[in-house]
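Chemist:
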Amino acid sequence: MLRKPLFWSVAIVFPLPLVLTYDAVSTAPDVLKFYIFLGLVAYAWWLLSILLSVRPSWLDRFVGLPAIYGLHGMLGALAIVAAYVHGDFGYASNSLARDLGDWAFYGALGVLCYSAFFMSGWLVDRSRLLLRTKQLLEVVFRRRLSVWIHRVSLVLVAMIWLHTHLLVRVNQYFGFMMLFDLYTVTVLGIYVWKKWIAPDTYLTGTVISNDARGESTRRVSLRLDTRAAALRPGDFFFLRFEGSSAVSGEWHPFSVTDDNRETLTFTIRQHGDFTRRLDRVGAGSSVRLEGPFGRFESIIQNHDREAPLVFVGMGAGVAPLLSLAAAHHTTRNIHLLWAVRSAEDAYYRDVLEEYEAASGGRLKVTTNVGRFRREDLAGALSAEAVAKGAFFIVGPNPAVLANQRLLWRMGVSARRIHQERLTM
């Protein structure tokens, strides 16, 4: 209950040393100090946003990656507001400092707008028109380009850093500037280490099979060079295929389909510019894996063992739910609902039937061609499941939100609905 409020409180705590130190040493009038405080808060929020973008695995286990991405995006938006007030009402006597501040502000605003549309689900997950527009534009603005545009934030931080160093009312305080530079160097150092040095320590593996499943899904199996000891049911990894010209070298998240720690299997829907090329990745290709990530298993362990678990998967979204079912079908009461586009897309039907037969009546599987409507869910779910069950929803982002709304209307508490949409 307190994990997320504690996590979000970081947004308040992180800028405080900068603000309090400047307040202690500065002799500027209080009104001017206030606008300088806003600039410091905006800068600290941009740094914290960069820090969160490295996806600390320990923090994911604490609050989940969706919460991390959510705060990452929110800090970017709030920093723009604070920076606007700071620049509009503050005054910089140095013309270069003033220009750098203005350029950084408009650059940050542009990156925020671009990211909100192309890299976030705030808008496109809730509008079919915007989603369709995004899909058309992604022919030009591909994922790899979007990632590099997002990284322009590092240049903007450098501009703000120089802007601050040029301001006499700030740079005259040596102790404060030491703290300011320590913040900057520490955050950028962690970012560089995580993005370009730490990957050498990640798990590595080799593709041993890449098979089609249904009309638009691939089943990719990897043999790891070392055992994934930290893997838990329902987890996912960020994968980067190396030494292959078939796909780009960017990281992409995929859920593990089983709980084998030596050979990992991923069920991947082909719908983006990266995943559409996955069929070109052949056996023997090298893969690097960041992770694992995910909180589904810890949520299950903390939930009432007598209360039912309800897994709702759409298409390839069944992947993490399959690994959870494999781990718990003999010990927990589970109802797995799987929506597929066609009967041929129910490619794990045999596996689920085996789990169901071995569960001693604990596992129930319902497969539906097409999305579950309210009447479908009302007919499939027991009164106990609606009243006490823990729900786990996985699939395309708009479908996850739609099913979440259906469950709310049926009386399922929002606290018992869990999903891991990776959107800012």
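In the working numbering, the protein residues as written are 11 to 434. Even glycine gets a Cβ: it sits at the ideal position worked out from N, Cα and C. What you are looking at is a predicted structure, and each value in this text was computed from that prediction instead of being measured.
(1) Spatial neighbours of Ala256 within its chain, please: CB distance less than 7 Å, with the 5 preceding and 5 following residues excluded, ordered by chain position.
(2) Tell me the DSSP secondary structure of Met434 in three-state form.
(3) For the region 176-195 against the region 232-250, are there 3 or more C-beta pairs whose distance is under 8 Å?
(4) Confirm, please, whether the CB-CB distance from Thr275 to Thr267 is below 8 Å.
(5) Decide yes or no for the touch test of the region 303-323 against the region 351-371: beta carbon pairs closer than 8 Å, at least 3 of them.
(6) Measure from the alpha carbon of Lys370 to the alpha carbon of each residue in Ala356, Ser254, Asn343 and Ala353, then state which is nearest.
(7) How is the alpha helix (DSSP H) around Val91 delimited, first residue to last?
(8) Counting beta carbon pairs with one atom in the region 99-118 and one in the region 215-231, are three or more of them shorter than 8 Å?
(9) Just to confirm before moving on: does the CB-CB distance between Val197 and Leu57 stay below 8 Å?
(10) Buried or exposed for Ile207, going by 16 or more other Cβ atoms inside 10 Å?
(11) Sort out for me which residues DSSP pairs Val217 with in a bridge.
(12) Just to confirm the assignment, what range does the beta strand (DSSP E) spanning Asn378 have?
(13) Report buried or exposed for Glu430, applying the criterion of at least 16 other Cβ atoms within 10 angstroms of its Cβ.
(14) Give the range of the beta strand (DSSP E) segment to which Trp348 is assigned.
(15) Which residues in the same chain as Trp113 place their Cβ atom closer than 7 Å to its Cβ, once the five residues preceding and following it in sequence are excluded?
(16) Go ahead and pull the three-state DSSP assignment for Thr227.
(17) Is the beta carbon of Arg154 sitting closer than 8 Å to the one on Glu307?
(18) On the three-pair Cβ rule with 8 Å, is the region 394-409 touching the region 418-427?
(19) Mapping the DSSP letters down to three states, classify Met420 as helix, strand or coil.
(20) Are the Cβ atoms of Thr214 and Asp245 separated by less than 8 Å?
(21) Taking all protein chains shown into account, decide if Phe186 is buried (16 or more other Cβ within 10 angstroms of its Cβ) or exposed.
(22) For Leu88, which of Trp55, Leu26 and Ser19 has the nearest alpha-carbon?
(23) Since Gly405 contacts Gly327 with CB under 8 Å, what's their CB separation in whole angstroms?
(24) Assuming Val167 contacts Thr174 under a Cβ cut-off of 8 Å, what Cβ separation, rounded to an integer in Å, is found between them?
(25) Are there 16 or more other CB atoms within 10 angstroms of the CB of Met434, so buried, or fewer, so exposed?
(26) Excluding the 5 residues flanking Val35 on each side, which residues of the same chain have their C-beta closer than 7 Å to its C-beta?
(27) Once DSSP output is grouped into helix, strand and coil, what is the label at Leu176?
(28) Pull up the distance between the alpha-carbon of Thr211 and that of Val178, whole angstroms please.
(29) For Asp135 versus Asn407, is the C-beta spacing smaller than 8 Å?
(30) Along the chain, which unbroken stretches of the beta strand (DSSP E) at least 3 residues long are found entirely within the region 261-332?
(31) Give me the Cβ distance between Leu61 and Ile200, rounded to the nearest whole Å; I'm assuming they're in contact under 8 Å.
(32) Is the separation between the beta-carbon of His96 and that of Val121 shorter than 8 Å?
(33) Find the nearest neighbour of Ala77 within the set Gly282, Thr143 and Lys14, judged by alpha-carbon distance.
(34) Less than 8 Å between C-beta atoms, sequence neighbours within five positions excluded: which residues of the same chain meet that for Ala353?
Modeler: Taking the definition as stated:
(1) Taking the first residue of the sequence shown as position 1, residue 256 is located at position 246. Excluding sequence positions up to five before and after Ala256, its CB lies within less than 7 Å of the CB of Arg287, Arg290 and Val291, all in the same chain and listed in chain order.
(2) In the sequence shown, residue 434 corresponds to position 424, counting from 1. Confidence at Met434 is low in this model, with a pLDDT of 44, below 50, so the placement of that residue should be treated as unreliable; the coordinate-derived value is given next. DSSP, reduced to helix, strand and coil, places Met434 outside both helices and strands of the structure shown, so it counts as coil.
(3) Touching, no.
(4) For the purposes of this step, residue 267 is identified with residue 257 of the sequence shown, where counting begins at 1. For the purposes of this step, residue 275 is identified with residue 265 of the sequence shown, where counting begins at 1. Yes, these two residues count as a Cβ contact at 8 Å.
(5) The region 303-323 is not in contact with the region 351-371.
(6) Within the sequence shown, the letter at position 360 stands for residue 370. Per the sequence presented here, residue 370 reads as Gly, with Lys not at that position. With distances taken between CA atoms, Gly370 lies nearest to Asn343 out of Ala356, Ser254, Asn343 and Ala353.
(7) In the sequence shown, counting from the first residue as 1, residue 91 sits at position 81. Membership of Val91 in the alpha helix (DSSP H) is indicated by the continuous run Leu75 to Phe99.
(8) They do not touch, by the three-pair rule.
(9) One-based indexing of the sequence shown puts residue 197 at position 187. One-based indexing of the sequence shown puts residue 57 at position 47. The Cβ atoms of Val197 and Leu57 sit closer than 8 Å to each other.
(10) Working through the sequence shown from its first residue, we reach residue 207 at position 197. Exposed is the call here.
(11) Here residue 217 corresponds to residue number 207 of the sequence shown, with the count starting at 1. DSSP lists Leu232 as partners of Val217.
(12) Within the sequence shown, residue 378 is the residue found at index 368, counting from 1. It spans Leu373 to Val379 - the beta strand (DSSP E) in which Asn378 sits, taken as one unbroken run.
(13) The count along the sequence shown starts at 1 and reaches residue 430 at position 420. So Glu430 counts as buried.
(14) Residue mapping note: residue 348 aligns to position 338 of the sequence shown, counting from 1. Unbroken beta strand (DSSP E) run through Trp348: Ile344 to Val350.
(15) As a first step, residue 113 is located in the sequence shown; it is residue number 103 there, counting from the start. The residues are Met169.
(16) Position 217 of the sequence shown, counted from the first residue, corresponds to residue 227. If DSSP states are grouped into helix, strand and coil, Thr227 belongs with the strands.
(17) Taking the sequence shown and counting its residues from 1, the one referred to as residue 154 is at position 144. Taking the sequence shown and counting its residues from 1, the one referred to as residue 307 is at position 297. Not a contact, by the Cβ cut-off of 8 Å.
(18) The region 394-409 vs the region 418-427: in contact.
(19) Against the sequence shown, residue 420 aligns to sequence position 410. Correct three-state label for Met420: coil.
(20) Locating residue 214 in the sequence shown gives position 204, counting from the first residue. Locating residue 245 in the sequence shown gives position 235, counting from the first residue. Result no, Cβ atoms of Thr214 and Asp245 do not sit closer than 8 Å.
(21) Position 176 of the sequence shown holds residue 186. Note on Phe186: 16 or more other CB atoms within 10 angstroms of its CB, so buried under the neighbour-count rule.
(22) As a position in the sequence shown, residue 88 is number 78, starting the count at 1. Ranking Trp55, Leu26 and Ser19 by Cα distance to Leu88 puts Trp55 first.
(23) Looking up residue 405 in the sequence shown gives position 395. Looking up residue 327 in the sequence shown gives position 317. The Cβ separation is near 3 Å, so the contact holds.
(24) In the sequence shown, the residue the question calls residue 167 occupies position 157. In the sequence shown, the residue the question calls residue 174 occupies position 164. Contact between Val167 and Thr174 is absent: CB atoms are separated by about 11 Å, not below the 8 Å threshold.
(25) By one-based count along the sequence shown, residue 434 stands at place 424. At Met434 the pLDDT is 44, less than 50, meaning the model places this residue with poor confidence; the figure from the coordinates comes in the next sentence. Buried, because 16 or more other Cβ atoms sit within 10 Å of the Cβ of Met434.
(26) Counting from 1 along the sequence shown, the entry for residue 35 is found at position 25. Excluding five sequence positions before and after Val35, the CB atoms of its chain that fall closer than 7 Å to its own CB belong to Tyr183, Gly185 and Phe186, given in chain order.
(27) Against the sequence shown, residue 176 aligns to sequence position 166. Reduced to three states, the DSSP call for Leu176 is coil.
(28) Taking the first residue of the sequence shown as 1, we reach residue 211 at position 201. Taking the first residue of the sequence shown as 1, we reach residue 178 at position 168. Roughly 44 Å separates the two Cα atoms.
(29) As a working note, residue 135 is residue 125 in the sequence shown. As a working note, residue 407 is residue 397 in the sequence shown. Yes; because the gap between Cβ atoms is below 8 Å, this pair is in contact.
(30) DSSP runs (the beta strand (DSSP E)) wholly in the region 261-332: 262-265, 273-279, 296-303 and 319-324.
(31) Here residue 61 refers to the residue found at position 51 when the sequence shown is read from its first residue. Here residue 200 refers to the residue found at position 190 when the sequence shown is read from its first residue. Contact annotation, Leu61 with Ile200: C-beta distance approximately 6 Å; criterion of less than 8 Å satisfied.
(32) Along the sequence shown, one-based indexing puts residue 96 at 86. Along the sequence shown, one-based indexing puts residue 121 at 111. No; because the gap between Cβ atoms is not below 8 Å, this pair is not in contact.
(33) Taking the sequence shown and counting its residues from 1, one reaches residue 77 at position 67. Sorting Gly282, Thr143 and Lys14 by C-alpha distance to the C-alpha of Ala77 places Lys14 at the top.
(34) For this step, residue 353 is matched to residue 343 along the sequence shown. For Ala353, where only same-chain residues beyond five positions count, the Cβ hits under 8 Å are Val379.
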